[in-house]
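In the working numbering, the protein residues as written are 1214 to 1710.
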C-alpha cells in the first residue's frame, strides 16, 4: 500500500533531516518499501541520515558508526526482530516504529520490555514533530565532562585526555586576547554558517536575523536558543574543531565577556549572603560510563564547552536523565566564571546558571537514589597543586607579560595556543590553527611593519608544525617564506628579530 505524503510534510522533513550537518547523531530509517518522496529527500540529505533496505544492511550500518548516538526508525513488519536483536546496543538512543496500524505493535510498548522504544507512528507529521524534540533532547544530554587523569608526568608526556583541562583554558585565554569586535570577524562567522547550513532553510533564515539584529549583549540569549549557533558552537567545542572555532570566535568571545560581566556583578552579592551555591545538571549516560564514574571519586573533571546547569533539581531531572550532577561552588572562588542567566536566557523557566569555558570540578561522592545516580562535585580553583604545572604557570605569565609590555602581544599570545597543541601531540590541530591565523592575516591586507612581523611569526610556526607532522615539503615552503620576510625586515629596518 502506498502512503501519500504532502508537500508540507516534505518541507517539514527537510527541516528535520538537514540538521545533521553538525551533530554527533545519526538517524537510520529501516524500511525496504520506503516512500519514493522520502527516499529521494533522504538520499539528497547529509550522510548522517542512512536508509537501510535490509536487516543485514542495518546491522552493518550500526556497527560502522563510531562515537555517535543513533535514532532508529523501523518499519512495523521488521520491528519485532529488530528490537530483539539491537535494543540493548549502547549506540541506540531511541527507536520509533512507523507503520499503518498501531494496534499490531502496541504490545511492544505496553510490555515495557524495550526502554528505548519511545513511540509508534502512522503519520509523517507526528513522527517529524517528535523527531525534532528528541534530537534537541539528545544534544542537551551529550556529556560535556572529561575525567582528568591525575599524574606526575610532565605535560608533554600526558595522554591527550589528561590535557583537556589545559586545552579549554588556554583556548579561552587566547580568545580573550584576540581582536574580534570587527565587522570582518562577524562577516566571517556569517559567511561560514551560511555555507555550512546552505541546505537548511530554517537556519538560513535565522542567520539573516542574526546578521540584521545581533548585538554583543545578546550573546547568551542567542546561545541558549535552539538555533544554528547553539548547535554549531557546542559541536565545535566538543570536537575541538579548530577551523570552526576560529570562524566562531566573534560570538564565543561575546559569550565569555557576558559571563564575566555577570560574574563580576554578582560576586560580592554572593559572598555576602551565601557561603556556596548548589546547581544541577542532568545527563543520560550509558552504564559503562557510569561504571567509570564510580571508580572516579576523588578525581577531577573538566568541561569541554559551556556548562549549562540549573538551581532547580526538578529541571535537571526532566526528560528521563539517569544521572544528576550536584555541583557545589564556594562563592569565594574567583577562577570559575559563571553567570545566573535567567534574565538573559531564551529559556526563562529553567533558572539557568552557565559556566564559562575551562571550569574544573572534583567528584567527591556518588550514590544511587530513586532510580538515579547522584554525583556530587565541588568547584575547584585553578591554584590547587595538581593544576600548578610548570607549563600552565609559564603560559599565564607569558600572556600577561605580553599583554602589558609588548605591542606585538596579540600574535605572540595567539601562537602560544598553537605551540601548546604541538606540545601535546595534536599536530594536525596545530596546523589547522596556524593556517587559519595565516589566512586571516593575509586577508587583512595591512601593508605595515606589524603585519609583516605577524606574517613572519606565523610562517615560522607553520614551518615548525608541518615539520613535526612529517610534512617536510610544506615545512620548507613556509620556512623559506619566513626567512625572506626576516631578511627583508632586517634590511629595511636594521633590527634583528
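Glycine is no exception: its CB is placed at the ideal position from the N, C-alpha and C atoms.
If you count every other CB in all the chains shown that lies within 10 Å of the CB of residue i, and 16 or more means buried, which is it?
i            : result
residue 1646 : buried
residue 1292 : buried
residue 1700 : exposed
residue 1600 : At residue 1600, the pLDDT of 47 sits below 50, so the modelled position is not reliable; the number obtained from the coordinates is stated separately. Result: buried.
residue 1426 : exposed
residue 1563 : buried
residue 1520 : buried
residue 1466 : buried
residue 1471 : buried
residue 1450 : buried
residue 1561 : exposed
residue 1444 : buried
residue 1381 : buried
residue 1271 : buried
residue 1667 : buried
residue 1552 : buried
residue 1511 : exposed
residue 1430 : exposed
residue 1428 : exposed
residue 1307 : buried
residue 1721 : With the chain covering only 1214 through 1710, there is no way to say anything about residue 1721.
residue 1337 : buried
Using a Cβ-Cβ cutoff of less than 6 angstroms, which residues in the same chain neighbour residue i once the five nearest sequence positions on both sides are dropped?
i            : result
residue 1463 : 1393, 1398, 1399, 1402
residue 1438 : 1559
residue 1295 : 1287
residue 1414 : none
residue 1682 : 1640
residue 1679 : 1687, 1688
residue 1440 : 1419
residue 1240 : 1262, 1284
residue 1171 : Residue 1171 is absent from the model: the chain starts at 1214 and stops at 1710.
residue 1516 : 1357, 1572
Could you spell out where the alpha helix (DSSP H) holding residue i opens and where it closes?
i            : result
residue 1475 : 1462 to 1486
residue 1426 : 1414 to 1426
residue 1398 : 1396 to 1409
residue 1443 : 1441 to 1452
residue 1291 : 1289 to 1299
residue 1436 : 1432 to 1437
residue 1246 : Note, residue 1246: premise wrong, no alpha helix (DSSP H); not H, not E.
residue 1561 : Element bounds for residue 1561: n/a, residue is neither H nor E.
residue 1501 : 1500 to 1507
residue 1531 : No alpha helix (DSSP H) holds residue 1531; DSSP gives it neither H nor E.
residue 1170 : Residue 1170 falls outside the range modelled here, since the chain spans only 1214 to 1710, and no answer is possible.
So residue i is in the beta strand (DSSP E); what residue range does that whole segment cover?
i            : result
residue 1590 : 1585 to 1592
residue 1332 : 1330 to 1334
residue 1567 : 1565 to 1568
residue 1318 : Note, residue 1318: premise wrong, no beta strand (DSSP E); not H, not E.
residue 1552 : 1551 to 1553
Quick one: residues in its chain with C-beta nearer than 7 angstroms to the C-beta of residue i, no 5 flanking neighbours on either side, listed in chain order?
i            : result
residue 1545 : 1484
residue 1503 : 1536, 1586
residue 1455 : 1642, 1645, 1646, 1649
residue 1509 : 1360, 1576
residue 1707 : Confidence at residue 1707 is low in this model, with a pLDDT of 47, below 50, so the placement of that residue should be treated as unreliable; the coordinate-derived value is given next. The answer is none, since no qualifying residue turns up.
residue 1691 : 1672, 1675, 1676, 1679
residue 1318 : 1289, 1292, 1310, 1312, 1333
residue 1529 : 1493, 1494, 1495, 1523, 1537
residue 1340 : 1309, 1311, 1334
residue 1476 : 1550, 1551, 1552
Opposite residue i in the DSSP bridges: which residues?
i            : result
residue 1200 : Residue coverage of the chain in this structure runs from 1214 to 1710, which leaves residue 1200 outside it and unanswerable.
residue 1495 : 1537
residue 1282 : 1238
residue 1307 : 1284
residue 1542 : 1490
residue 1263 : 1241
residue 1576 : 1590
residue 1516 : 1358
residue 1459 : DSSP, once it has assigned bridges, lists no residue as partnering residue 1459.
residue 1582 : 1585
Ordered along the chain, which non-local residues of its own chain (more than five positions away) have a Cβ less than 8 angstroms from that of residue i?
i            : result
residue 1588 : 1506, 1536, 1537, 1538, 1539, 1576, 1578, 1579
residue 1246 : 1288
residue 1321 : 1292, 1293, 1296, 1310, 1327, 1330, 1333
residue 1656 : 1397
residue 1304 : 1275, 1278, 1281, 1282, 1283
List, from N- to C-terminal side, the alpha helix (DSSP H) runs of 4 residues or more that fit wholly inside the stretch 1627 to 1687. 1640 to 1657, 1662 to 1681
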